[in-house]
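Undergrad: Please find one structure pasted underneath; my questions will follow.
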Amino acid sequence: MSNEGQQTTPGGERRVEQEPEQRREWSVARARSTAGTSGWLAFGGWMLVLAGAFNIIAGLAALFRPDYYVVVAGELLVFDFVVWGWVWLAAGVLQAATGAGCLGGQRWARITGVGLAGLAAIGHLAFLAAFPLWELASIALSVLVIYALVVPDKDAVG
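Throughout the sequence shown, residue numbering follows numbering that gives the first Met the number 0, covering 0 to 157 in sequence.
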């Protein structure tokens, strides 16, 4: 047996050297992407964190500064500012935590984020009289989050 094309490593192991044509084939082969998530998931995660921060601020404002809003508590569609304050505070914390899960690529966070964004959009619609422009912007942000989280990964099949 000939030792042509074989090399010995410092540990005494023999390595067979490939022909130049085989090496070239391997050098131009594309590496398969290991990233299993799309840019949309990261965008949706950050937007969910942002929406959560907005809801936390709205909740704190409703609890501590109800005079900040356009209407008085009796003109809200449902509940009063104290209840809405706690609702927005809880929703904001859940959204921020779920957004962090989305940024980590967690499937449960993607599904939960869609649900939380949908519920937040409905809640903002019910709270619309309190601060109309802000609530419309929050509804639009919720819809954007839903879209970003349901867009399939770039490697998805079918």
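Ideal Cβ positions, reconstructed from N, Cα and C, are used throughout, including at glycine. Note that the structure is predicted; figures quoted are calculated from it, not measured.
Going straight from the alpha carbon of Leu49 to that of Ala95, what length do you get?
TA: The residue you call residue 49 lines up with position 50 of the sequence shown. The residue you call residue 95 lines up with position 96 of the sequence shown. Rounded to whole angstroms, Leu49 to Ala95 spans 7 Å at the Cα level.
Undergrad: Alpha carbon to alpha carbon, how far is Asp154 from Ile121? Give it in angstroms, no decimals.
TA: Here residue 121 is taken as the residue at index 122 of the sequence shown, counted from 1. Here residue 154 is taken as the residue at index 155 of the sequence shown, counted from 1. Answer to the nearest angstrom: the Cα atoms are 32 Å apart.
Undergrad: Under the rule that 16 or more other beta-carbon atoms within 10 Å means buried, what is Phe80, buried or exposed?
TA: Position 81 of the sequence shown, counted from the first residue, corresponds to residue 80. It counts as buried.
Undergrad: At a threshold of 7 Å, does Ala96 count as lining the ligand COA (C-beta to nearest heavy atom)?
TA: What this structure holds is no ligand at all, so the ligand COA is not there to describe.
Undergrad: Which of the three DSSP states, helix, strand or coil, is assigned to Phe53?
TA: Residue numbering aside, residue 53 sits at position 54 when the sequence shown is read from its first letter. Phe53: helix per DSSP, three-state reduction.
Undergrad: Between the C-alpha atoms of Ala108 and Thr97, what's the straight-line distance to the nearest angstrom?
TA: Residue 108 sits at position 109 when you count from the first residue of the sequence shown. Residue 97 sits at position 98 when you count from the first residue of the sequence shown. Distance between the alpha carbons of Ala108 and Thr97 is about 5 Å.
Undergrad: Touch check for the segment 73-90 and the segment 52-64: three-plus C-beta pairs under 8 Å?
TA: At 8 Å Cβ cutoff, the stretches touch.
Undergrad: Here's the rule I'm using: 16 or more other beta-carbon atoms within 10 Å means buried, otherwise exposed. How should Glu134 be labelled?
TA: Position 135 of the sequence shown, counting from 1, holds the residue named residue 134. Its Cβ being crowded by 16 or more others within 10 Å, Glu134 is buried.
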